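Take a look at the structure below.
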Amino acid sequence: MPILKSDKGYYIIISGRCGITYFDEQNKEFILDAEMVNSPLYDFVVSSKNITTSGEVLSDKDIKKIIQRVYELCSDNNIKLLITEN
């Protein structure tokens, strides 16, 4: 499982067909609903509406921050994401 790290302390683990796990600077875990796709345009489809963490409701601001960070880490490592709102 590839681990992509930021120099700011957050990172993601790409679990292949099982999705993407994001860890913030405090090592808090967030699970992103992601599906690997066989496409020349994208490697994964990620749902911005289905991010879970242990019992906490995330604000729109939190969700946008997580999506932005995951997108940047993947983009920096030549992994193409399609972000959906489903």
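Our numbering runs 4 ahead of the 1-based position in the sequence shown.
The beta carbon of each residue, even a glycine, is placed where N, CA and C say it ideally should be.
Note that the structure is predicted; figures quoted are calculated from it, not measured.
Check whether the Cβ atoms of residue 24 and residue 15 lie closer than 8 Å to each other.
Locating residue 24 in the sequence shown gives position 20, where the first residue counts as 1. Locating residue 15 in the sequence shown gives position 11, where the first residue counts as 1. Not a contact, by the Cβ cut-off of 8 Å.
Pick helix, strand or coil for residue 58, following the three-state DSSP scheme.
Position 54 of the sequence shown, counted from the first residue, corresponds to residue 58. If DSSP states are grouped into helix, strand and coil, residue 58 belongs with coil.
I'd like to know if residue 31 contacts chain C, where contact means its C-beta is closer than 8 Å to some C-beta of that chain.
Note that chain C does not occur in the displayed structure, where there is just one protein chain.
Helix, strand or coil: which one does DSSP assign to residue 43?
Locating residue 43 in the sequence shown gives position 39, where the first residue counts as 1. If DSSP states are grouped into helix, strand and coil, residue 43 belongs with coil.
Drop a sphere of 10 angstroms on the beta-carbon of residue 36, count the other beta-carbons inside from all chains shown, and report buried for 16 or more, exposed for fewer.
Counted from its first residue, the sequence shown places residue 36 at position 32. That one is buried.
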